[in-house]
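In full-length UniProt numbering, the protein residues as written are 1 to 342.
Accompanying notes for the structure given below.
Written out as structure tokens, the structure reads:
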């Protein structure tokens, strides 16, 4: 459950932004949709910072090598910081062409003025949010370290606290101070750096307790990068499909793109909920393998398969009302109200 809560708390950043920015109008929400898919793709491609770190740390911990486990986590943090700096520079260079490429679809009903408003909103949100990318990557790497150490409660507490701070800051900056979509981006950046600071303090404290050096180990950093290769390929394939969806959705106009942003945000939140099983499995299986406890590893694997099958059935059942709703709304006339639950 703590792993589930921590995973859900992170996409709630975007869900909060979507809810608050949605009250500013269709153009800001559509701009948020374009900017957020670029940000999610960037962070998603580097999610191996957590998924590769967790089993490595867990296995060393299971083998009784706690200093080695902390060392692997510290290397992951240095890799996250280096990648964050690279992404920040590349983002500043290519943000504008990326936004225009997704927004400029040449749809039949495209309104130049509306498209310009969407591009401006997306450029504003993305330009500010890039400052939070290094922090978000540090959060991901530190979360992988703590999960490998069998500590899922600390990431949950930090994530929930960050979400609460993000919501409060966004409400203040968007409406209280009138910063609009820029306020939403700044609120998220501040919350992300706050979370990263807490995680870094925790990691430094753990390193000092075990006498582990805080200096980056070139071999360890390179090993962390190499171990995430297949995860990078997997994530790139998934994000390519979502980018294609956004590009097609942009051709439906401002309202269509804004609607797609809401749908994708909800979809991502549900996907992160199901991913909690993978996180728990990595930590438990890695620890069991390190301790050479094969029966425990097999028991965990069986339980994960059972929970996975149950989650799939539950997700399929919950999606049925959405399909009926979608069917009715597609037959409705333009401008009609949204359908209600059956």
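Glycine included, C-beta positions come from ideal geometry on N, C-alpha and C.
No Cβ-Cβ contact shorter than 8 Å links residue 172 with residue 45. Shown here for residue 296: same chain residues with a beta carbon closer than 7 Å to its own, the five before and five after excluded, namely 288 in chain order. Going by C-alpha positions, residue 286 is about 8 Å away from residue 54. Nearest neighbour of residue 147 by Cα position, chosen from 187, 279, 291, 300, turns out to be 279. For the pair residue 244 and residue 16, the CB atoms are not nearer than the 8 Å cut-off. Along the length of the region 46-84, whole beta strand (DSSP E) runs at least 3 residues long do not occur.
Secondary structure of residue 17 (DSSP, three-state): helix. Secondary structure note for residue 174: it is in no alpha helix (DSSP H), with a DSSP letter that is neither H nor E.
Per the coordinates, the alpha-carbon of residue 145 lies some 47 Å from the alpha-carbon of residue 113. The criterion of a C-beta distance shorter than 8 Å is satisfied by residue 169 and residue 190. At the C-beta level, residue 84 and residue 138 come within 8 Å of one another. Counting along the chain, no alpha helix (DSSP H) covers residue 293, and no H or E run does either. Using a Cβ-Cβ distance cut-off of 8 Å, the region 87-103 and the region 19-39 are in contact, since at least three pairs of beta carbons, one from each stretch, lie closer than that value. Around the CB of residue 313, fewer than 16 other CB atoms lie within 10 Å, so the residue is classed as exposed.
In this structure, the straight-line span from the alpha carbon of residue 266 to that of residue 21 is close to 15 Å.
Shown here, residue 282 sits in a helix according to DSSP, grouped into three states.
Per DSSP, residue 150 lies in no alpha helix (DSSP H) segment and is marked neither H nor E.
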